[in-house]
Amino acid sequence: MRLRIVTTAVLLFCLGGVAFAHRLDEYLQATIISVDKDHVQASMRMIPGVSVASFVIASIDTDGDGVISPAEQRAYAERVLGDLSLTADGKSVKPRLVSADFPQIELMREGLGEIHIEFTADLPHGGPNRRLILESHNPNRKAVYLVNCLVPRDPDIRIVAQNRNEQQSFYELDYVQSGGPSDSIFGKWWANVRGSISALGFAGIFRLGMRHIAEGTDHLLFLLVMLLPAPLIVSGSRWAGFADVRCSVLRILKIVTAFTVGHSITLALAAFGIVRVPSRPIEVLIAVSILVSAVHALRPIFPGKEAGIAAFFGLIHGLAFAATLGELGLGRWERVAGILAFNLGIETMQMVVVAVTMPSLVLLSRTRAYSFLRIGGAIFAAFASAGWIVERLTGVHSSVDVVVGAVAHQAVWIAGVLFLISLGCWRVQNLRSASVPM
Amino acid sequence: MNVFSGRMLRGIAAVAAIWLSMTAATDQTATSRIVRAANAFLSTLSEKQRQSVLYSFDDEQQRARWSNFPTTFVTRGGISLKEMNATQRAAAMALVSSALSAKGFEKVQQIMEGDEVLRRTDRGGGPPGPPPRDNGHRPPGDNDHRPPPGFGGNRPPMGGGQTFGKELYYISILGTPSEKTPWMLQFGGHHLALNITIAGERGVLTPTLTGAQPALYTMNGKTVRPLGAESDKGFALLQALDDKQRKQAILSYELADLVLGPGQDGKTIVPEGLKASEMTDHQRAMLLDVISEWAGIIHESAAAARMAELKADINETWFAWSGPTTVIPGKNITAYYRIQGPHLVIEYAPQTLGGDPGLHVHTMYRDPTNDYGKGLLKE
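Just so you know, the sequences run in chain order C and G.
Taking our numbering, the leading residue of the first sequence gets 2, the next gets one more, and so forth.
Taking our numbering, the leading residue of the second sequence gets 49, the next gets one more, and so forth.
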């Protein structure tokens with residue numbers, strides 16, 4: 002050894018009997034929790050100090066035979082869990098024992114024994130902002146606590162805050178959980194496709210945008226109902242005859258473009274976090290936009306201002322698109338590509354829908370039968386939107402989704418039949434007008 | 049005459065060249081020095097001792113067989129200095145020294161000397177005589193503070209009836225000392241666990257535990273604080289923070305112990321406190337200086353590489369403090385602090401075991417992504 006000790010050590014404070022390497026008169030309870038989407042896991046280390054050891058041992062080895070039997074281990078571990086209270090978003094959840102490991106009694110007596118207890122608890126479904134509270138009520142008055150949380154393995158979970166009381170017997174964890182099941186129809190839809198988009202590229206997001214329009218029936222319904230009166234002219238306060246083909250096509254394109262510009266703006270703003278709006282009011286406003294456009298299809302309430310209105314409601318629809326894009330958890334650069342891909346996907350699907358329905362609308366609008374389609378479509382949309390508004394405000398489920406979904410499911414057939422009917426009606430009207438001399 | 053001196057000069061030059069190339073080859077790298085010291089140490093051992101010292105490189109149990117506890121409570125692998133003769137002991141310490149910086153080795157020696165002080169003052173394994181147990185600081189009848197019979201010197205012998213002392217430090221080697229393939233050197237005992245993974249020129253010190261009890265003692269008339277710089281530099285950083293920064297750095301709760309002590313390998317907890325991106329350049333430099341007390345234990349070239357890595361991470365590194373924000377000059381802080389970054393966890397945890405928490409300290413140094421060099425070996 003290089004260092005020589007010559008003098009005797011002089012200790013500055015009383016060391017003698019206190020100089021132990023181990024826990025003395027506290028009962029240490031150290032917990033590390035880890036949060037997953039649907040459950041929480043925890044690993045507890047419990048180390049009784051020398052002065053509390055005999056008390057702790059007596060409460061574990063209840064028959065006093067000097068051996069901790071498996072039944073005694075289980076009973077003590079269950080008692081430890083019983084002394085915890087765990088809540089998720091204010092609801093009490095029950096910890097379930099996973100494993101319990103006990104040291105030799107001899108080690109425990111010397112303040113060296115570590116009891117290991119692992120438990121898990123299922124978490125109820127909740128919103129994106131979650132709060133977990135762990136309270137320990139160790140009956141030993143000399144208990145000291147350590148509570149910590151592992152960095153979540155799931156990238157969709159982000160820890161926001163940890164709050165504790167001074168002793169750490171009260172521990173509160175706030176975190177944000179994205180991509181989880183939510184109450185909206187998109188939430189349900191999202192939960193279904195979620196698994197398949199983990200390795201998402203440009204093409205994947207593009208398709209996601211297309212599907213968002215194709216399956217997000219409320220966006221589509223809004224657009225279609227906006228287009229219903231587009232080929233018509235206003236006479237007084239009612240919809241009257243057919244404008245003309247050129248004018249109709251231009252109006253349809255104007256409305257679609259305005260809607261696109263509107264939702265592109267808010268999609269970009271929201272995706273970059275410049276605008277942040279909770280999803281529930283947005284969903285309600287989207288339903289309101291359908292109701293407004295349905296009323297307009299019945300009686301012109303903003304004739305000639307369709308493009309402006311479509312752009313305005315486009316702003317609202319864009320916020321909902323952003324929520325979907327936001328759930329992908331993209332990085333900054335990826336987000337630019339993501340917005341582009343997603344928007345192109347939305348546009349492409351819109352174009353397909355418009356391309357399929359426009360000929361029918363233009364043809365049929367030149368006949369008297371068109372008022373049936375316009376009024377029927379508007380009433381259907383009005384009922385659907387009213388149902389959605391109630392559902393999204395109250396959280397009570399109605400059968401709107403089922404009905405609209407069933408209709409949307411047959412969209413291709415409906416579009417085909419509509420086209421045939423339009424063609425038929427137009428032909429009949431043409432023949433009639435040709436045969437009747439004016 | 050001219051010819052002779054020319055030949056002589058050539059000869060001298062040749063000898064010098066051979067000598068230079070030899071010394072250059074042998075003293076080229078830290079790893080080659082450590083490997084030579086390891087082989088020298090192993091050559092002093094008997095066959096039985098060698099078998100006790102050597103483990104296979106993938107022996108996960110031996111890897112994790114370290115603790116802050118005395119060796120009598122948590123048995124270490126390898127053989128202790130107590131079981132060695134003077135030559136073997138010198139070779140063992142030369143090996144440990146070769147893997148550490150001068151400052152790091154001094155720290156290790158001071159921790160070991162501290163345990164020697166503890167041996168003399170504690171009943172554990174001390175020479176026969178009146179045990180200095182009763183110090184008069186306890187109220188009479190407060191018997192539950194006293195250790196139960198069987199503790200310390202009266203304990204059944206595991207380390208020869210001795211609990212503390214500078215000889216109760218164990219050395220073990222996992223794998224074969226090599227300049228190319230990875231291997232590991234472990235050295236530790238009470239309040240010390242060095243886990244040094246050597247892979248080529250890379251050296252990894254994580255996880256390493258240092259501790260001290262007493263964390264302040266006098267030797268040769270000089271006050272020694274084995275972990276004094278850790279205490280002083282951490283406190284200086286706290287002092288350098290402004291009110292707003294302190295508010296973030298100081299945790300509102302007590303920390304009774306290490307969170308990521310022995311057995312908690314590879315865990316990454318959510319960082320807390322003040323992020324270094326919110327610090328000034330000067331404060332960040334101070335933070336790196338605190339970190340260097342642990343990162344600088346290993347030999348200089350490995351320490352330099354490690355410090356470069358931690359410097360690159362510095363804006364993602366957090367500093368958290370819990371406990372008293374004052375200190376008696378010349379003594380250790382009685383507060384806990386933690387430094388955590390993407391590749392770093394440092395904990396400084398005074399132990400409140402009845403006495404002055406400033407006299408009993410545990411510290412932990414980890415890289416959750418590279419405990420036992422596992423991240424490095426994956427590359």
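Each residue gets a CB set at the ideal place from its N, CA and C atoms; glycine is no exception.
Since the model is a prediction, treat every value here as computed from it, not as a measurement.
Pick from the options that is closest to residue i, judged by C-alpha positions
i                      : options                       : result
residue 144 of chain G : G:246, G:318, G:162 and G:110 : G:246
residue 347 of chain C : C:371, C:107, C:212 and C:429 : C:212
residue 101 of chain C : C:349, C:33 and C:120         : C:120
residue 223 of chain C : C:298, C:160 and C:35         : C:298
residue 114 of chain G : G:426, G:372, G:343 and G:420 : G:420
residue 426 of chain C : C:96, C:409 and C:374         : C:374
residue 277 of chain G : G:404, G:338 and G:307        : G:338
residue 423 of chain C : C:174, C:383, C:414 and C:360 : C:360
residue 272 of chain G : G:378, G:363 and G:97         : G:378
residue 327 of chain G : G:290, G:316, G:319 and G:231 : G:290
residue 394 of chain C : C:282, C:315 and C:341        : C:282
residue 238 of chain G : G:269, G:398, G:404 and G:167 : G:167
residue 117 of chain C : C:95, C:33, C:399 and C:90    : C:33
residue 207 of chain C : C:29, C:351, C:31 and C:302   : C:351
residue 350 of chain G : G:123, G:231 and G:253        : G:253
residue 416 of chain G : G:353, G:392, G:405 and G:128 : G:392
residue 383 of chain C : C:83, C:304, C:90 and C:300   : C:300
Residues near residue i in its chain [Cβ-Cβ closer than 6 Å; skip 5 each side]
i                      : result
residue 140 of chain G : 89 and 219
residue 81 of chain G  : 146
residue 325 of chain G : 363
residue 162 of chain C : 175
Beta-carbon proximity list for residue i, same chain, < 7 Å, skipping 5 on both sides
i                      : result
residue 110 of chain G : 103, 125, 220 and 222
residue 220 of chain C : 214 and 318
residue 40 of chain C  : 121, 122, 123 and 124
Assumed close pair residue i, residue j - CB separation to whole angstroms, cut-off 8 Å
i                      : j                      : result
residue 251 of chain G : residue 244 of chain G : 6 Å
residue 149 of chain C : residue 301 of chain G : With 8 Å as the limit, residue 149 of chain C and residue 301 of chain G do not qualify as a contact, their Cβ atoms being about 11 Å apart.
residue 257 of chain G : residue 409 of chain G : 11 Å between Cβ atoms; not a contact.
residue 390 of chain C : residue 289 of chain C : 6 Å
residue 158 of chain C : residue 36 of chain C  : 6 Å
residue 388 of chain G : residue 366 of chain G : 5 Å
residue 130 of chain G : residue 163 of chain G : With a Cβ gap of about 12 Å, residue 130 of chain G and residue 163 of chain G do not count as contacting.
residue 54 of chain C  : residue 142 of chain C : Actually they are not in contact, since the Cβ atoms of residue 54 of chain C and residue 142 of chain C sit about 15 Å apart, beyond 8 Å.
residue 31 of chain C  : residue 305 of chain G : 7 Å
residue 96 of chain C  : residue 85 of chain C  : 6 Å
Between the CA atoms of residue j and residue i - distance to the nearest angstrom
i                      : j                      : result
residue 139 of chain C : residue 114 of chain C : 17 Å
residue 149 of chain G : residue 92 of chain G  : 24 Å
residue 88 of chain C  : residue 156 of chain C : 23 Å
residue 292 of chain G : residue 321 of chain G : 12 Å
residue 359 of chain G : residue 336 of chain G : 7 Å
residue 144 of chain C : residue 27 of chain C  : 6 Å
residue 268 of chain C : residue 282 of chain G : 47 Å
residue 17 of chain C  : residue 210 of chain G : Caution is warranted here: a pLDDT of 36 is assigned to residue 17 of chain C, below 50, making its placement in the model unreliable, and no coordinate value can be reported.
residue 242 of chain G : residue 333 of chain G : 26 Å
residue 286 of chain G : residue 49 of chain C  : 33 Å
residue 357 of chain G : residue 77 of chain G  : 20 Å
residue 347 of chain G : residue 83 of chain G  : 13 Å
residue 367 of chain C : residue 396 of chain C : 42 Å
residue 421 of chain C : residue 430 of chain C : 14 Å
residue 253 of chain C : residue 204 of chain C : 28 Å
residue 384 of chain G : residue 369 of chain G : 6 Å
residue 376 of chain C : residue 179 of chain C : 41 Å
residue 381 of chain C : residue 235 of chain C : 22 Å
residue 357 of chain C : residue 416 of chain C : 7 Å
residue 378 of chain C : residue 323 of chain G : 58 Å
Cut-off 8 Å between Cβ atoms - residues of its own chain near residue i, not counting five sequence neighbours on either side
i                      : result
residue 312 of chain C : 259, 260, 262 and 263
residue 170 of chain C : 136, 137, 138, 139, 144 and 146
residue 142 of chain G : 85, 88 and 89
residue 441 of chain C : No information on residue 441 of chain C is available, as it lies outside the stretch 2 to 439 that chain C covers here.
residue 407 of chain G : 261, 262, 263, 264 and 380
residue 307 of chain G : 317, 386 and 395
Proximity test, Cβ basis, 9 Å: residue i and chain B
i                      : result
residue 348 of chain C : Going by chain labels, chain B is absent from the structure shown, which instead holds the protein chains C and G.
(request) Report yes or no: do three or more beta-carbon pairs, one from the region 270 to 280 of chain C and one from the region 387 to 405 of chain C, lie closer than 8 Å? (result) no
(message) With three or more C-beta pairs closer than 8 Å as the rule, is the region 311 to 325 of chain G touching the region 410 to 426 of chain G?
(response) yes
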